[in-house]
Amino acid sequence: MMVFHHSLTLPLGVPTVLRYRNLRTLHWLCFELQWSGVVTVIVAEYCKILDVTKRGQLRQFLILSTVSFIVMLITRGFHWVYLVGEFIFVWYNEK
């Protein structure tokens, strides 16, 4: 699934970027997906070195995991759906 998912970037993403390079929604969508991914990877990598048997580090783990979840929920949940809907509306109005 991961290979198929990421391999769609070339046949779908590149022509979209070339055609809609001035569309603010597309740039916002790309930036938000990358930014939320970076935040999650950084938090995940840091959480790997925490010793959750210690109270302070367990608290850090819980706080960072919650922050990561909230970032993903907002950017890839609510706001992603809004941006994709706005982008689909642009496609629909072109016909």
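The sequence shown begins at 18 in the working numbering and counts up by one. Beta carbons: idealized from backbone N, C-alpha and C, even for Gly.
Annotated as distal: R93 and L40, with beta-carbon spacing of 9 Å or more. Collapsing the DSSP output to three states places V69 in coil.
DSSP places N110 within a helical segment (H, G or I) once states are collapsed to three.
Secondary structure of L25 (DSSP, three-state): coil. Between the beta-carbon of T42 and that of E103 there is about 5 Å, and that keeps the pair under the 8 Å contact cut. Counting C-beta pairs closer than 8 Å gives fewer than three between the stretch 24–34 and the stretch 50–66, which falls short of the contact rule. Exclusion of the five residues before and after F78 leaves C64, L67, V69 as the residues of its chain whose Cβ lies within less than 8 Å of its Cβ. Between S85 and V101 a beta carbon distance of about 22 Å is seen, past the 8 Å cut, so the two are scored as non-contacting.
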